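Following: one structure in structure tokens, then a few remarks.
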Ligand code: ADP
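Residue numbers (this note's numbering): 1 to 190.
Here's what the structure looks like:
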């Protein structure tokens, strides 16, 4: 599965819970990059400036990271991707990767949250997250890049009948309940 939604939609939080419940790894490209930055690995050094400014890491770099991660043992029976794919080139790379392994996507969860609420949440998160990209300017830049580069992926996956819309507004636990119900419905329908 994939979880898709703008920065601040709550993907990371929800993905962690849902993946744990289903016994599959939660794979967040953002977490992988931040971990590498923290450990000052060559990858971390390469991508730090990009994350700080809110831009996207080049597709070739990101695709390789994901290919390596999905090749690990714990991902062989399924996974929940969070923050990937983010571009059409990444969609294509993931398609090829999965086809090569004889795997297919079951669902693309789309978390929907109003733009105004998104910025408010991120500004609030900035007070505690310590994330260099949680400043108001960078937050707006990330929303803009999301709209331009990533929002079109919803259309791509809609055409494949994979998108499961979930209202991401309100209490965290209410959102988790909605995701659970939506996934159960998909499983029952297919
Ligand atoms: P958010 O959803 O709040 O923007 P993430 O943790 O998903 O946060 O991503 C943080 C940053 O990591 C992004 O702004 C981008 O710089 C980089 N990143 C994460 N995933 C990708 C990806 N699939 N392609 C390119 N860059 C990525």
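All C-beta atoms, glycine included, are put in the ideal place defined by N, C-alpha and C. Being a predicted model, the structure only gives us computed values, none of them experimental.
N-terminal and C-terminal residue of the beta strand (DSSP E) that residue i is part of
i	result
residue 112	108–112
CB of residue i within 8 Å of CB of residue j, strictly
i	j	result
residue 109	residue 179	yes
residue 139	residue 122	yes
residue 2	residue 32	no
residue 133	residue 83	no
residue 136	residue 56	no
residue 37	residue 44	yes
residue 7	residue 157	no
Option in the options with minimal Cα separation from residue i
i	options	result
residue 155	103, 9 and 87	87
residue 15	172, 190, 185 and 187	172
residue 77	101, 165 and 150	101
residue 117	190, 72, 167 and 132	167
residue 130	105, 52 and 58	52
residue 160	8, 25, 28 and 105	105
residue 5	24, 85, 37 and 38	85
residue 19	75, 93, 40 and 35	75
residue 183	169, 165 and 98	165
residue 17	186, 190, 174 and 185	174
residue 107	63, 58 and 188	188
residue 28	42, 39 and 69	69
residue 186	162, 177 and 72	162
Limits of the alpha helix (DSSP H) - the one that residue i falls within
i	result
residue 167	No alpha helix (DSSP H) contains residue 167, which is instead part of the beta strand (DSSP E) from 163–167.
residue 24	It is not in any alpha helix (DSSP H) - residue 24 carries neither H nor E in the DSSP assignment.
residue 190	It is not in any alpha helix (DSSP H) - residue 190 carries neither H nor E in the DSSP assignment.
Min CB distance residue i to chain D below 8 Å
i	result
residue 90	Among the protein chains of the structure shown there is no chain D, as only one such chain exists.
Go through the stretch 30–68 residue by residue and report every complete run of the alpha helix (DSSP H) that reaches 4 residues or more, in order.
Listed in chain order, the alpha helix (DSSP H) elements of length 4 or more contained wholly in the stretch 30–68 are 42–53.
Every unbroken alpha helix (DSSP H) within the stretch 70–106, with a cutoff of 4 residues, ordered by chain
Fully enclosed alpha helix (DSSP H) runs of 4 or longer: 88–101.
Runs of 4 residues minimum, wholly inside the stretch 126–164: which ones carry the alpha helix (DSSP H) assignment?
136–145 and 152–159
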